[in-house]
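**Q**
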Amino acid sequence: MDTKIHICEGQLGSVNARRNFMSKGFKIHSRVGLASACDTLISQTFGGGNHFRIGVILQQAILILLLACFPCWAILINTEPILLAVKQEPEIAKLAQSYVKIFMPALPLALEHLKNPLDELKEATFMFSLQIRYLQNQGIIWPQVITGLVANILNALINYIVIFVLNWGVTGSAVASCLSEFIMVAILSAYIIYKGIHKATWGGWSRACLQDWGVYLHLAIPSMVMMCVEWWTYEIGSFLAGLISEVELGAQSVVLLWANIAYMFPMGFSIAGSVRVGNALGAGNTDQAKLCAKVTMFGAGFVSVCLAILIGGLHSHISYVFTYDEQIRQRVSDIMTFYAPFIILDATAAACGSIIRGAGKQKIGALAYFVGFYGIGFPIGVPLMFAAKMGIKGLWAGLFICIFIQCIFMVVYMVRMNWEKATTEAQIRAGAGEASEGAQFAGGEWDVLELVPEPSAEDKIPHTALVLRRGLALAAMIFILAVGIIVNVIVQNMIV
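The numbers in the sequence shown follow my numbering, run straight up by one, and end at 496.
Below, the structure is given as structure tokens:
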């Protein structure tokens, strides 16, 4: 019985599936998690009017995410032994390792790269992710949309040439993806420079980018938890589904694909909500921040209700997009009937998470996600999956309960949140007192802010000592990479 879905065929499909299982979690936590601190810092700083500080924040993000590449490299270089350890096919594990090694030079640019043309076309690179946040938190959206479309078209063309014309196979796919990353970042960088978008915010590289890493990391690490916990839950769920049967794995894959598609629609409201809430708080406009939060919740909720009705009504037919296998289709139909209301809860949780990021309350979001998925969802879903013999329907039942409780907690938290205190924290975080002009409030009136943050502990450290600290951080990351290389050499010798 052939249970492969259409978008994952042959050698490339198998390698891509293993590569995703192996590396996506590490890529996501660096690209989305660590970069998500910019959703708070840049949006609030832009709202506070301290525009040149945005450039410093971007520099901090670049340095921190570059350091994050080293542990990623240390893990990815051991892709083959890790895949073998979880009982993957030796040939596929070797091909996946080859793919990853070829792609590794693009990792500083790409921590969630463009797929081959048989896969869904997606955004996303490391630097491109930072560029997106740099622009969107200033209210600039269309350049990155157009750049992403152009880069995806070029990526498809390059993949076609290297895979079907030159017959490079997996190697060609890796080379094409690597080239696509550089093209995407280069196009958007050229646009930013050509239009002079950077002039108002970029004052050149500054020593200030070595300061206040603690502020950035205190936001980035909880953001990483928020992003990774949910993603890892779905990845582990797919792995567990594969332990039951190929039908369960195939059905889980189709459900997750539709879940990703459904998530894209309310995500637009979530992104806009994070930006607008951050802008308003940085500008000192508490009422505007509250209004933006309400609009975000309403917009995401309305779209998700429409999607839930559509997907629920078409539950018997939507699996045809990905497979004709009757057993998988029947299983997908059963899950989709149950999954439709989950869309509403997932969109609500995403909207709440974006508002929390805009307000700089990531620790609360991280707590809600971690306890929700690993304290409630998994402990309920896994026993239902195996002991109750419900399969992936049991897993989704556990996740449904998790998201339901999570939504209640986060909505109640936002209603009871001290928005005035959040506004004060945002203005301090934005360095509003350093701005040459105050923030613009509703009604077009300008006010000079006297709010000056207390100097952090790092501000009191001499520059030489600060450089030494950052140098030690770099040395530690290089050491981690060296350990990964040594482990790889030892394991490879054992395999041979």
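Just so you know, even glycine gets a beta-carbon here, dropped at the ideal spot from N, CA and C.
Please read these numbers as outputs of a predicted model, since none were measured by experiment.
Once DSSP output is grouped into helix, strand and coil, what is the label at Tyr324?
**A** Looking at Tyr324 - three-state DSSP - the assignment turns out to be coil, as it is neither helix nor strand.
**Q** Would you grab the beta carbon distance between Ile335 and Val255 for me? Rounded to a whole angstrom, and I think it's under 8 Å.
**A** Confirmed, about 5 Å.
**Q** Please specify which runs of the alpha helix (DSSP H), each continuous and at least 4 residues long, are wholly inside the region 61-116, giving them in chain order.
**A** Entirely contained in the region 61-116, the alpha helix (DSSP H) runs reaching 4 residues are, in chain order, 79-85, 90-103.
**Q** Taking the alpha helix (DSSP H) that Val170 falls in, what are its first and last residues?
**A** From DSSP, the alpha helix (DSSP H) with Val170 extends over 169-195.
**Q** Could you tell me if Thr464 is buried or exposed, where buried requires 16 or more neighbouring beta carbons within 10 angstroms of its beta carbon?
**A** Thr464 comes out exposed.
**Q** Rounding to the nearest angstrom, what Cα-Cα distance links Trp142 and Val215 in this structure?
**A** Computed Cα separation, rounded: 30 Å.
**Q** Would you kindly report the start and end of the unbroken alpha helix (DSSP H) that includes Gly204?
**A** Looking at the DSSP string, Gly204 is not in any alpha helix (DSSP H), and its letter there is neither H nor E.
**Q** Take Leu179 as the anchor and find which of Leu166, Tyr194, Leu157, Tyr191 has the nearest alpha-carbon.
**A** Among Leu166, Tyr194, Leu157, Tyr191, the Cα nearest to that of Leu179 is on Leu157.
**Q** What's the C-alpha gap between Ile500 and Ile355?
**A** This structure does not reach residue 500, given that the chain is present from 1 up to 496, and the question cannot be answered.
**Q** Spatial neighbours of Pro453 within its chain, please: CB distance less than 6 Å, with the 5 preceding and 5 following residues excluded, ordered by chain position.
**A** Here Pro453 scores only 44 on pLDDT, less than 50, and its place in the model should not be relied on; the value that follows carries that caveat. Hits under 6 Å: Ile428.
**Q** For the alpha helix (DSSP H) containing Gly484, name the first residue and the last one.
**A** Its alpha helix (DSSP H) spans residues 463-495.
**Q** In the DSSP assignment, the alpha helix (DSSP H) including Tyr160 goes from what residue to what residue?
**A** Its alpha helix (DSSP H) spans residues 142-160.
**Q** Have a look at Leu472 and Gly278 and give me their C-alpha separation to the nearest angstrom.
**A** Looking at the two C-alpha atoms, the distance is approximately 33 Å.
**Q** Starting from the C-beta of Leu154, find all residues in its chain whose C-beta is less than 6 Å away, skip the five residues before and the five after it, and write them out in chain order.
**A** Only Ile183 meet the Cβ criterion.
**Q** Would you kindly check if the distance between the Cβ of Ile197 and the Cβ of Ala504 is under 8 Å?
**A** Lying before the first or after the last residue shown, residue 504 is absent from the chain, which here runs from 1 to 496.
**Q** Please classify Leu166: does DSSP put it in a helix, a strand, or coil?
**A** Correct three-state label for Leu166: coil.
**Q** Pick from Tyr194, Phe70, Cys352, Gly377: whose alpha carbon is nearest that of Phe400?
**A** Taking only the C-alpha atoms, the option nearest Phe400 is Gly377.
**Q** Excluding the five sequence neighbours on either side, which residues of its own chain have a C-beta within less than 6 Å of the C-beta of Lys363, listed in chain order?
**A** Pro222, listed in sequence order.
**Q** How long is the line joining the alpha carbons of Arg207 and Glu248, rounded to whole angstroms?
**A** When rounded, the distance between both Cα atoms is 54 Å.
**Q** Pop quiz: Ala476 and Ala220 are said to be a contact at Cβ under 8 Å. What is the actual Cβ separation, rounded to whole angstroms?
**A** Not really, about 17 Å apart at Cβ, beyond 8 Å.
**Q** Would you call the region 390-399 and the region 412-421 in contact, with 3 or more CB pairs under 8 Å?
**A** Not touching, per the Cβ criterion.
**Q** Under three-state DSSP, which class holds Met264?
**A** Met264: helix per DSSP, three-state reduction.
**Q** Quick check: what's the CA-CA separation for Leu121 versus Phe265?
**A** Caution applies to Leu121, whose pLDDT of 30 falls short of 50 and renders its modelled position unreliable; the value that the coordinates give is listed next. One C-alpha to the other measures close to 16 Å.
**Q** In the region 361-444, which residue ranges form an unbroken alpha helix (DSSP H) of at least 4 residues, counting only runs that do not cross its ends?
**A** Qualifying alpha helix (DSSP H) stretches, in chain order: 362-370, 378-386, 392-416, 419-429.
**Q** So, at 6 Å on beta carbons, what are the nonlocal neighbours of Ala368 in its own chain, with the 5 sequence-adjacent residues on each side left out?
**A** Around Ala368: Gln406, Phe409, Met410.
**Q** Starting from Ile309, trace the alpha helix (DSSP H) both ways and give me its first and last residue.
**A** Where Ile309 is concerned, the enclosing alpha helix (DSSP H) stretches over 286-313.
**Q** Could you pull out every residue in the same chain whose Cβ sits closer than 7 Å to the Cβ of Leu166, ignoring the five residues on either side in sequence?
**A** Hits under 7 Å: Gly172.
**Q** Around the Cβ of Gly268, are there at least 16 other Cβ atoms within 10 angstroms (buried) or fewer (exposed)?
**A** Exposed, since its Cβ has fewer than 16 Cβ neighbours within 10 Å.
**Q** Is it right to say Asn260 is buried, meaning 16 or more other beta carbons lie within 10 angstroms of its own, or is it exposed?
**A** Exposed: under 16 other Cβ atoms inside 10 Å.
**Q** Quick check on the burial criterion: 16 or more other C-beta atoms within 10 angstroms. Buried or exposed for Met494?
**A** Answer is exposed; the Cβ neighbour count stays below 16.
**Q** Between which residues of its own chain and Ile311 is the CB-CB distance below 8 Å, once the five residues before and five after are set aside?
**A** Excluding sequence neighbours, Ile311 sits near Trp258, Ala262, Ile318, Met336, Tyr339, Ala340, Ile343.
**Q** Work out the CA separation of Glu230 and Gly372 for me, nearest whole Å.
**A** Each residue's alpha carbon lies about 9 Å from the other.
**Q** Over what stretch of residues does the alpha helix (DSSP H) that includes Leu219 continue unbroken?
**A** 213-244 is the extent of the alpha helix (DSSP H) around Leu219.
**Q** For Leu34, report the span of its alpha helix (DSSP H) as first-last.
**A** It is not in any alpha helix (DSSP H) - Leu34 carries neither H nor E in the DSSP assignment.
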